[in-house]
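A short write-up of the structure that comes next.
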């Protein structure tokens, strides 16, 4: 048992470290280090522009989309090499945020189901950051139950005509292409009538509207489709096979081993170590210590769980399901930590100004943003179902709409 | 990175699991639970024959000379089987204290007999309510004899010898505490069994009246040695707790698959599924913290104090959580004496206190993290 690299891993790490040291945009290091939760913002420049420049540089140096094959713009690296790269890329990895959906979900789906011509045309540009991709799955009527989606595509000659609405699309406003799942048959049960496409986000008939979120920010979009035309050759997988195609996309979403989720704990520990209350330092209060200790062991538990997964990758094994607990644990932690940090400040805890002395308003921001961590990318409830069914082997939910034609599924609760 | 046990260590875990499945079924645990025996003597003998009792004891002292990672995997299986034997008191507390501070002669005297299963050892630390602290130790040592009362002492009524924390000065300072070795069969010590929430692991009151004692380690070094012993035992006991958590989770999962209510397995209801998923989360976090503890223990790393406290807290929480919700999944049947759920519930809550309470270890963890940050 040790934390050491194998000789090959050490060699790869040193190569990556040298390249990063020579090429990283160090002028942003301090700013990137500070932001720990939510969308990254830079003082003077757009994150997308700085990110595109970094991604392009990486692609030129052979460090973009590491685990992709070389002919599609990757490096053909092993999973453990990808993890080592992420560790070395450190804070600059935050600059890749606009490309993550493309690299982790859209790209792999095109790779699995696209024509060779499409793969050679689109994937290298995705890898180099020239094109940004978004994923158009969720709908107002289909969130956790994504197969309940209603956006329809109808065949007309060699084209498909799309009408409907998507929601919660990150980056739709700056994306060049999108991965789109649609309903092509309303007369069969819901999972059977779906078809997957990719499309140009500049197509006529697409309207992107930002959503004002509960935390006051605008990070996601609604995307409306009015008679949008998609050529049939941009279909991914067979007509009616969209659900299976989407499983490939979503499986890749969960393969994000080694990417550390924010828990809020380091910030909280520092805050409590310095906060003077009427009864002394917050960290000397027994109630606070008890809470801190519980959060500490959750944070370290997650860290060492990911080390265990990395170790299996290092041995060339497929990591076990342990990593599925990451988002479930960290989402609630962020919310609880934010609430308690504000409680420690008394009435002033409600103030949100960045100039407030207590931790620059970061916990208030955490409070308002953290509900999304428990929803986006699989709600807490869906994650518990996944653990219960796929890890513990418990029965799947009884699905009353499973064998019912889609157009006969009720659309209102009462 | 190779943050995992080796194939050989995993084989040892499998061997221990197989052995305990055969020699320590719930029926055997119940013999002790029902008060028919103070501990399972046959199992104790078997564990010695398998080489498990002395797995971390060097060969020169009659052990297998394997190491602490091996002891960790065996501890996990002892917890999984809820083994009714004085393993933790003997192998984690007494043996670790001897290994850390014993003279060659002391090691030669006791360690081979621990490995062979001839003796049971323990640590006599507590004196009534409260957590480990120098000022809580009143038992007096003077001119080679001890006077005072220790309770609770784990396995105190069946132990052959004890490591005893005693006062050799009059202040509250750490340096006023020293450790002693006492042969409990040599006279001067009276043992009285105490009832406790987990009858499968005995607790006792030991009264020392001019009991002959020899120093273990230098006089005045007792508290420092004790702290190290408790940290090492915390990691090992945490592995027992993780084994118990996993078993409780499995029992709940199996029952949820078998039990039909409202026309379907209860494991198909989200309320039950989510409860079991949360148990899995606790058990997984605890296991990962324990692995870090095992690494720190086996390499004698400077991170051990922090790693041990984290493993201890995480594993205590997980075992309490899993054993309590295992009963809940079982419903009314889980509350019967006949079902095994309560044995894990009892063990979880007794083990949670063995080395000091959860809040004590929470306090320790925060102190240690601050110390590290300040350094």
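Residue numbers (our numbering), protein chains in the order written: chain A, 542 to 955; chain B, 142 to 516.
Each residue gets a CB set at the ideal place from its N, CA and C atoms; glycine is no exception.
Point to revise | residue 394 (chain B), DSSP secondary structure in three states | key: Taking the second chain and counting its residues from 1, one reaches residue 394 (chain B) at position 253. DSSP places residue 394 (chain B) in helix when its eight states are reduced to three.
Check your understanding: For the beta strand (DSSP E) that residue 722 (chain A) lies in, which residues bound it at each end?
Key -> The residue given as residue 722 (chain A) occupies position 181 in the first chain. Start and end: 718–724.
**Study point:** Own chain residues within Cβ distance below 8 Å of residue 867 (chain A), not counting five before or after
**Key:** To locate residue 867 (chain A), count along the first chain from 1; it is residue 326. 802, 843, 846, 847.
**Study point:** Beta-carbon neighbours of residue 849 (chain A), restricted to chain B and to distances below 7 Å
**Key:** As a first step, residue 849 (chain A) is located in the first chain; it is residue number 308 there, counting from the start. By Cβ distance, chain B contributes 144, 145, 429, 432.
Check your understanding: Using a Cβ-Cβ distance under 7 Å, would residue 928 (chain A) count as near chain B?
Key -> To locate residue 928 (chain A), count along the first chain from 1; it is residue 387. Yes, its Cβ sits closer than 7 Å to a Cβ of chain B.
Review point. Quick one: Cα of residue 251 (chain B) to Cα of residue 908 (chain A), how far?
Key: The residue labelled residue 251 (chain B) in the question sits at position 110 within the second chain. The residue labelled residue 908 (chain A) in the question sits at position 367 within the first chain. Between the C-alpha atoms of residue 251 (chain B) and residue 908 (chain A) there is a straight-line separation of about 57 Å.
Check your understanding: Is the beta carbon of residue 225 (chain B) sitting closer than 7 Å to the one on residue 173 (chain B)?
Key -> The residue labelled residue 225 (chain B) in the question sits at position 84 within the second chain. The residue labelled residue 173 (chain B) in the question sits at position 32 within the second chain. Contact flag set, yes.
Practice item. Count the CB pairs spanning the region 309–321 of chain B and the region 372–379 of chain B that are closer than 8 Å, and state whether there are at least three. Key: Taking one beta carbon from each stretch, the region 309–321 of chain B and the region 372–379 of chain B have fewer than 3 pairs nearer than 8 Å; the two do not touch.
Point to revise | beta-carbon residue 152 (chain B) near the ligand ZN non-hydrogen atom, thresh 6 Å | key: Here there are no bound small molecules, and the ligand ZN is not part of this structure.
Check your understanding: residue 256 (chain B) CB to nearest chain A CB: under 7 Å?
Key -> Taking the second chain and counting its residues from 1, the one referred to as residue 256 (chain B) is at position 115. At least 7 Å separates the CB of residue 256 (chain B) from every CB of chain A.
Review point. Would DSSP call residue 307 (chain B) helix, strand or coil?
Key: In the second chain, residue 307 (chain B) corresponds to position 166, counting from 1. Of the three classes helix, strand and coil, the one that applies to residue 307 (chain B) here is strand, per DSSP.
Review point. So, is residue 855 (chain A) buried or exposed, given that buried needs 16 or more other C-beta atoms within 10 angstroms?
Key: Here residue 855 (chain A) refers to the residue found at position 314 of the first chain. Buried: at least 16 other Cβ atoms inside 10 Å.
Check your understanding: Beta carbon of residue 424 (chain B), beta carbon of residue 434 (chain B): below 7 Å?
Key -> Taking the first residue of the second chain as position 1, residue 424 (chain B) is located at position 283. Taking the first residue of the second chain as position 1, residue 434 (chain B) is located at position 293. Not in contact: residue 424 (chain B) and residue 434 (chain B) (Cβ atoms no closer than 7 Å).
Practice item. For residue 873 (chain A), decide whether its Cβ has a neighbour in chain B, counting only Cβ atoms nearer than 7 Å. Key: Along the first chain, one-based indexing puts residue 873 (chain A) at 332. Chain B, which has no Cβ nearer than 7 Å to the Cβ of residue 873 (chain A), makes this no.
Check your understanding: Would a C-beta distance cut-off of 7 Å place residue 436 (chain B) and residue 542 (chain A) closer than the cut-off?
Key -> In the second chain, residue 436 (chain B) corresponds to position 295, counting from 1. In the first chain, residue 542 (chain A) corresponds to position 1, counting from 1. Taking 7 Å as the Cβ cut-off, residue 436 (chain B) and residue 542 (chain A) qualify as a contacting pair.
Review point. Mind pulling the chain A residues with CB within less than 8 Å of residue 422 (chain B)?
Key: For the purposes of this step, residue 422 (chain B) is taken as residue 281 along the second chain, with counting starting at 1. The answer, in chain order, is 866, 869, 870, 928.
Check your understanding: If residue 634 (chain A) sits next to residue 616 (chain A), beta carbons under 8 Å apart, how far is it from one beta carbon to the other, in whole angstroms?
Key -> Locating residue 634 (chain A) in the first chain gives position 93, counting from the first residue. Locating residue 616 (chain A) in the first chain gives position 75, counting from the first residue. 16 Å between Cβ atoms; not a contact.
Check your understanding: Rounded to a whole number of angstroms, what is the C-alpha to C-alpha distance between residue 679 (chain A) and residue 691 (chain A)?
Key -> Residue 679 (chain A) sits at position 138 when you count from the first residue of the first chain. Residue 691 (chain A) sits at position 150 when you count from the first residue of the first chain. Each residue's CA atom was taken as its position, placing residue 679 (chain A) and residue 691 (chain A) some 10 Å apart.
Check your understanding: Where does residue 188 (chain B) fall in DSSP's three states?
Key -> Indexing the second chain from 1 puts residue 188 (chain B) at position 47. Shown here, residue 188 (chain B) sits in a helix according to DSSP, grouped into three states.
**Study point:** Three-state secondary structure (DSSP) of residue 748 (chain A)
**Key:** Position 207 of the first chain, counted from the start, is the residue given in the question as residue 748 (chain A). Looking at residue 748 (chain A) - three-state DSSP - the assignment turns out to be strand.
**Study point:** Positions along the region 322–347 of chain B whose CB lies within less than 8 Å of some CB in chain A
**Key:** Flagged: no residues at all.
Point to revise | Assigned exposure category for residue 665 (chain A) - 16 Cβ within 10 Å defines buried | key: Residue numbering aside, residue 665 (chain A) sits at position 124 when the first chain is read from its first letter. So residue 665 (chain A) ends up on the buried side.
Review point. Using the rule of at least 16 other Cβ atoms within 10 Å of the residue's Cβ for burial, across every protein chain shown, is residue 223 (chain B) buried or exposed?
Key: Position 82 of the second chain, counting from 1, holds the residue named residue 223 (chain B). Buried, by the Cβ-count rule.
Point to revise | Endpoints, the beta strand (DSSP E) within which residue 705 (chain A) is located | key: On the first chain, residue 705 (chain A) is found 164 positions in, with the first residue counted as 1. Looking at the DSSP string, the run of the beta strand (DSSP E) that includes residue 705 (chain A) is 700–711.
Review point. Roughly how many angstroms lie between the CA atoms of residue 818 (chain A) and residue 636 (chain A), to the nearest whole one?
Key: Numbered from its first residue, the first chain carries residue 818 (chain A) at position 277. Numbered from its first residue, the first chain carries residue 636 (chain A) at position 95. Spanning the two alpha carbons is a distance of roughly 38 Å.
Check your understanding: With DSSP run on the structure shown, which of helix, strand or coil describes residue 356 (chain B)?
Key -> Start at 1 with the first residue of the second chain, and residue 356 (chain B) comes out as number 215. DSSP places residue 356 (chain B) in strand when its eight states are reduced to three.
Point to revise | Proximity test, Cβ basis, 7 Å: residue 542 (chain A) and chain B | key: Indexing the first chain from 1 puts residue 542 (chain A) at position 1. So yes, residue 542 (chain A) belongs to the interface.
Check your understanding: Does the beta carbon of residue 641 (chain A) sit closer than 7 Å to a beta carbon anywhere in chain B?
Key -> Here residue 641 (chain A) corresponds to residue number 100 of the first chain, with the count starting at 1. No, residue 641 (chain A) does not count as interfacial toward chain B.
Check your understanding: Span of the alpha helix (DSSP H) holding residue 249 (chain B)?
Key -> Stepping through the second chain from its first residue, residue 249 (chain B) is reached at position 108. Start and end: 245–256.
**Study point:** Any chain B beta carbon closer than 7 Å to residue 632 (chain A)
**Key:** Taking the first chain and counting its residues from 1, the one referred to as residue 632 (chain A) is at position 91. With 7 Å as the cut-off, residue 632 (chain A) does not count as an interface residue toward chain B.
Point to revise | Where residue 513 (chain A) sits in the DSSP three-state scheme | key: A question about residue 513 (chain A) goes unanswered here, because the residues of chain A that appear run from 542 up to 955.
Check your understanding: Mapping DSSP to helix, strand and coil, what is residue 587 (chain A)?
Key -> Mapped onto the first chain, residue 587 (chain A) falls at position 46. Of the three classes helix, strand and coil, the one that applies to residue 587 (chain A) here is coil, per DSSP.
Check your understanding: Does the Cβ-Cβ distance between residue 451 (chain B) and residue 841 (chain A) come in under 7 Å?
Key -> For the purposes of this step, residue 451 (chain B) is taken as the residue at position 310 of the second chain. For the purposes of this step, residue 841 (chain A) is taken as the residue at position 300 of the first chain. Between residue 451 (chain B) and residue 841 (chain A), the CB-CB gap stays under 7 Å.
Practice item. Quick one: residues in its chain with C-beta nearer than 8 Å to the C-beta of residue 591 (chain A), no 5 flanking neighbours on either side, listed in chain order? Key: By one-based count along the first chain, residue 591 (chain A) stands at place 50. Closer than 8 Å at Cβ, skipping near neighbours: 566, 569, 583, 636.
Review point. Is the beta carbon of residue 153 (chain B) sitting closer than 7 Å to the one on residue 852 (chain A)?
Key: Numbered from 1 along the second chain, position 12 holds the residue referred to as residue 153 (chain B). Numbered from 1 along the first chain, position 311 holds the residue referred to as residue 852 (chain A). Inclusion of residue 153 (chain B) and residue 852 (chain A) in the CB contact set at 7 Å is not warranted, their separation being larger than that value.
Exercise for review: Please report how far the alpha carbon of residue 822 (chain A) lies from the alpha carbon of residue 365 (chain B), in whole angstroms.
Suggested key: One-based indexing of the first chain puts residue 822 (chain A) at position 281. One-based indexing of the second chain puts residue 365 (chain B) at position 224. Answer to the nearest angstrom: the Cα atoms are 28 Å apart.
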